Amino acid sequence: MSLAGDLSDAIDPTRLMTSAGLQPDPWQVEFLRSTAPRYLLLCARQVGKSTVTAALASHVAIYHPNSLVLTLAPSMQQSFEIFRKINSFYHEAETPELDAQSARRIELPNGSRIISLSGNAVTVRGFSAPRLVIVDEAAFADDELFAAVSPMLAGGGRLILLSSPNGKAGFFYEQWANGGAAWARTRVTAEMSSRIPAEFLAVERATKPDRDFRREYLCEFVDVDEQYFGSDLLLRAFESPVEPLFSRPFTWRAPAERVA
Ligand SMILES: Nc1ncnc2c1ncn2[C@@H]1O[C@H](COP(=O)(O)OP(=O)(O)OP(=O)(O)O)[C@@H](O)[C@H]1O
Ligand SMILES: [Mg+2]
945 MSLAGDLSDA IDPTRLMTSA GLQPDPWQVE FLRSTAPRYL LLCARQVGKS
995 TVTAALASHV AIYHPNSLVL TLAPSMQQSF EIFRKINSFY HEAETPELDA
1045 QSARRIELPN GSRIISLSGN AVTVRGFSAP RLVIVDEAAF ADDELFAAVS
1095 PMLAGGGRLI LLSSPNGKAG FFYEQWANGG AAWARTRVTA EMSSRIPAEF
1145 LAVERATKPD RDFRREYLCE FVDVDEQYFG SDLLLRAFES PVEPLFSRPF
1195 TWRAPAERVA
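Heads up, the sequence shown is in this note's numbering, so the first residue is 945 and it goes up one at a time.
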């Protein structure tokens, strides 16, 4: 590899995907080239969010010696998905076993470490000064996890949350809806992905309940099933000013007291 090629690889994380035979989608390019310290990826199922964040994690670990990269998800199984993809970027044949801390880790010759954990606030607290923290399926993670993670970023680490939507509650939803300029945001619906055929989506639309289709493929935060009244409706009920029926206090009188 030429020096120019090495430099391009170091500067441009998209080259990690192309060298693995994947042509990044426009939104993946935009994400990989962003330097935003906090990033929310709200994505439909199967559009490539775990793949692109795995590419970013690999790039950070390779080109920033001695860096710590943490990948988290609500369950170990989900966390392992990104880890497996990171592993495939290195073309490693063997998958590291779980260690004593129930973590999986890759240590690079340059001193960088990539560690995969289940989204458990207690285990996360054991690590300090990560350069990058990735939370997959973030809309399904406990709020305590985010409370444990954000102080770790005081040294300048980046935080990437990726997820398909869940109900209108929780840290991921709150930051997406009300988190303001602190976050860069990208929303990727299934219709934006060339790898999800229109015919497949048509069948899914016809066979799934409407709210499930909107949540899984259109990235809509749909209220959870058991909630009979939607969150928006409940909020408006509490917020909307109700005109008083009487302008003066009303005193009730028994019929006998009333003047005929
Ligand atoms: N740019 C790309 N070019 C070709 N294939 C891609 C690209 N990005 C992702 N893929 C492939 O698409 C499939 C889904 O990718 P990935 O698992 O990253 O999606 P996801 O959004 O995380 O899905 P899920 O919602 O199931 O977690 C994988 O087989 C992956 O290799
Ligand atoms: Mg995924």
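For glycine and all other residues, C-beta sits at the position ideal for the given N, C-alpha and C.
As the structure is a prediction and not an experimental result, all values here were calculated from the model.
Item: Is the number of C-beta pairs between the stretch 994-1002 and the stretch 1016-1032 that are closer than 8 Å three or more?; Value: yes
Item: What I want to know is whether the C-beta of Ser-1032 ends up closer than 6 Å to one or more non-hydrogen atoms of ligand 2.; Value: no
Item: For Val-1077, verify whether its CB is less than 6 Å away from any heavy atom of ligand 1.; Value: no
Item: Using DSSP's beta-bridge definition, name the partner residues of Thr-1015.; Value: Ser-1060 and Ile-1078
Item: Is Ser-994 near ligand 2, going by C-beta to nearest heavy atom under 6 Å?; Value: yes
Item: Rounded to whole angstroms, what's the CA-CA distance from Ala-964 to Ala-1083? Just pull it up for me.; Value: 29 Å
Item: Alpha carbon to alpha carbon, how far is Leu-1027 from Asn-1010?; Value: A small correction: the amino acid at residue 1027 is Phe; Leu does not occupy that position in the sequence shown. The alpha-carbon atoms of Phe-1027 and Asn-1010 are separated by roughly 18 Å.
Item: Quick one: residues in its chain with C-beta nearer than 8 Å to the C-beta of Met-961, no 5 flanking neighbours on either side, listed in chain order?; Value: Gln-967, Pro-968, Gln-972, Leu-976, Thr-995, Val-996 and Ala-999
Item: For a test of your reading of the model: does the CB of Arg-959 fall under 6 Å from any non-hydrogen atom of ligand 1? Yes or no.; Value: no
Item: Anyone know if the C-beta pair for Arg-989 and Ser-1108 falls short of 7 Å?; Value: yes
Item: Apart from the five residues on each side of it in sequence, which residues of its chain come closer than 6 Å, Cβ to Cβ, to Leu-1063?; Value: First, the amino acid is wrong: residue 1063 is Gly here, not Leu. Result list for Gly-1063: Leu-1016, Ala-1017, Pro-1018, Ala-1085 and Leu-1089, in chain order.
Item: With DSSP as the reference, label Tyr-1034 as helix, strand or coil.; Value: coil
Item: Since Arg-982 and Leu-1103 are thought to touch, with beta carbons under 8 Å apart, how far apart are those beta carbons, to the nearest angstrom?; Value: 5 Å
Item: Look at the alpha carbon of Leu-1097 and the alpha carbon of Arg-1159, and state the distance between them as a whole number of angstroms.; Value: 30 Å
Item: Examine ligand 1 and report whether any of its heavy atoms sits within less than 6 Å of the Cβ of Val-1013.; Value: no
Item: For Leu-1061, I'd like the list of residues in its chain whose CB is within less than 7 Å of its CB, leaving aside the five on either flank, ordered along the chain.; Value: Leu-1014, Leu-1016, Ser-1023, Ala-1047, Thr-1067 and Val-1068
Item: Kindly list the residues whose CB is nearer than 7 Å to the CB of His-1008, restricted to its own chain and excluding five residues on each side of it in sequence; keep chain order.; Value: Ser-1056 and Arg-1075
Item: Among Glu-974, Thr-958 and Cys-987, which has the Cα closest to the Cα of Met-1136?; Value: Cys-987
Item: Look at the alpha carbon of Asp-1087 and the alpha carbon of Ser-1002, and state the distance between them as a whole number of angstroms.; Value: 27 Å
Item: Determine the extent of the beta strand (DSSP E) in which Glu-1164 is found, giving its start and end residues.; Value: Counting along the chain, Glu-1164 falls outside any beta strand (DSSP E), and DSSP gives it neither H nor E.
Item: Give a yes or no on whether the C-beta atoms belonging to Gly-1099 and Ala-1073 are separated by under 7 Å.; Value: yes
Item: Buried or exposed for Gly-1070, going by 16 or more other Cβ atoms inside 10 Å?; Value: exposed
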